[in-house]
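These notes are about the structure you will find just below.
Residue numbers (my numbering): 536 to 862.
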């Protein structure tokens, strides 16, 4: 199921590791008349939304520690999506329109019992393909989707015959509490192909561990960033490269306000901690590590800049002894 990607101009290779040439340029085809498409879009409007933004608005920066996106990816041609649902922002995604998967999703953790909201229809983001005044995301129609949308993002058919892969959420619904927050995670712009054994095994266990830890010991807001690395392998459909296959999934959280009376085994994992796991059937154990160790790992296996930093100032609280020592 794994296929090698195409080669790219060196300036565009960062982070995903895939090299793009004319072979990976958007493939355009029409499956219905243009007038029918406009009617179709009107019929499938739902109360969910996302907004593609060059610079994130203040209401969307609330999901980022100190309102700051991960540093070291500025030169890449990725799209920032402020994911809206029910008229409110829910989380932020950095999306690769070539590999049709998110680079990362950034969200604030909500205390949760871990329940899933499984009755939500999958959605897509029309703004990745068309200029629109609306920031509303839409439910996938039952009919064909115009191929203009497939140029820039994943569609349900991309996951229909993947066999060993499942749709894995970077912002998992079990890390959210309100039904609308949970529902907002069911967009393919928040999903990557995860090997089933990894998704329902080590990675799911890790998500449970983080949920319990933040539920019990994080006193304030917990900021989470979950992302992927890729090596060029692709899922193909109709002999066309469609989905980048993550090599690793990684995640990091930042909770400056935590319980200082927690057991040392947990207290030592604050204010920030991180992890990564191999997206494979075997040797897929999730390894926890410090934030700095994860950043060094990502610098070795991806094309992020040497300045790469997930959280502003590595999530060191402004009044901490470390800051006082630096002064």
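Yeah, the Cβ is synthetic: ideal placement off N, Cα and C, and Gly gets one too.
Everything numeric in this text was worked out from a predicted model, so none of it was measured.
Under the three-state DSSP convention, the category residue i falls into
i: residue 744; result: helix
i: residue 787; result: strand
i: residue 690; result: coil
i: residue 846; result: coil
i: residue 724; result: helix
i: residue 710; result: helix
i: residue 801; result: helix
i: residue 749; result: helix
i: residue 676; result: coil
i: residue 668; result: Its pLDDT being 48, under 50, residue 668 is placed unreliably in this model, and the value from its coordinates should be taken loosely. Residue 668 falls in the coil class under three-state DSSP.
Close Cβ partners of residue i (< 7 angstroms) along its chain, the five nearest in sequence each way excluded
i: residue 830; result: 843, 844, 845
i: residue 850; result: 600, 789, 791, 806, 807, 826
i: residue 602; result: 596
i: residue 852; result: 791, 806
i: residue 847; result: 600, 601, 603
N- and C-terminal bounds of the beta strand (DSSP E) containing residue i
i: residue 815; result: It is not in any beta strand (DSSP E) - residue 815 carries neither H nor E in the DSSP assignment.
i: residue 631; result: 623-631
i: residue 700; result: 700-704
i: residue 827; result: That residue, residue 827, is in no beta strand (DSSP E); its alpha helix (DSSP H) goes 826-836.
Nearest-angstrom beta carbon gap, residue j and residue i [assumed within contact, 8 angstroms]
i: residue 700; j: residue 730; result: 6 angstroms
i: residue 947; j: residue 688; result: Outside the displayed range of the chain (536 to 862) lies residue 947, so it cannot be described from this structure.
i: residue 644; j: residue 757; result: 4 angstroms
i: residue 709; j: residue 647; result: 6 angstroms
i: residue 733; j: residue 812; result: 7 angstroms
i: residue 590; j: residue 640; result: About 18 angstroms separates the two Cβ atoms, so there is no contact after all.
i: residue 746; j: residue 804; result: Going by Cβ atoms, the distance from residue 746 to residue 804 rounds to 14 angstroms, so no, they are not a contact pair.
i: residue 836; j: residue 737; result: The pair is not a contact, with the Cβ atoms about 18 angstroms apart (cut-off 8 angstroms).
Same chain, Cβ closer than 6 angstroms to residue i, five either side skipped, listed in chain order
i: residue 763; result: 727, 781, 784
i: residue 694; result: 702
i: residue 560; result: With a pLDDT of 33 at residue 560, under the threshold of 50, the modelled position of this residue cannot be trusted, and the question is left open.
i: residue 753; result: 790, 793
i: residue 662; result: 587
i: residue 625; result: 618, 716, 719
Contact set for residue i: own chain, Cβ-Cβ below 8 angstroms, skip 5 residues either direction
i: residue 623; result: 715
Host alpha helix (DSSP H) of residue i (start-end)
i: residue 731; result: 731-735
**Prompt:** Do the stretch 648-659 and the stretch 621-640 meet, that is, are 3 or more Cβ pairs less than 8 angstroms apart?
**Reply:** Using a Cβ-Cβ distance cut-off of 8 angstroms, the stretch 648-659 and the stretch 621-640 are not in contact, since fewer than three pairs of beta carbons, one from each stretch, lie closer than that value.
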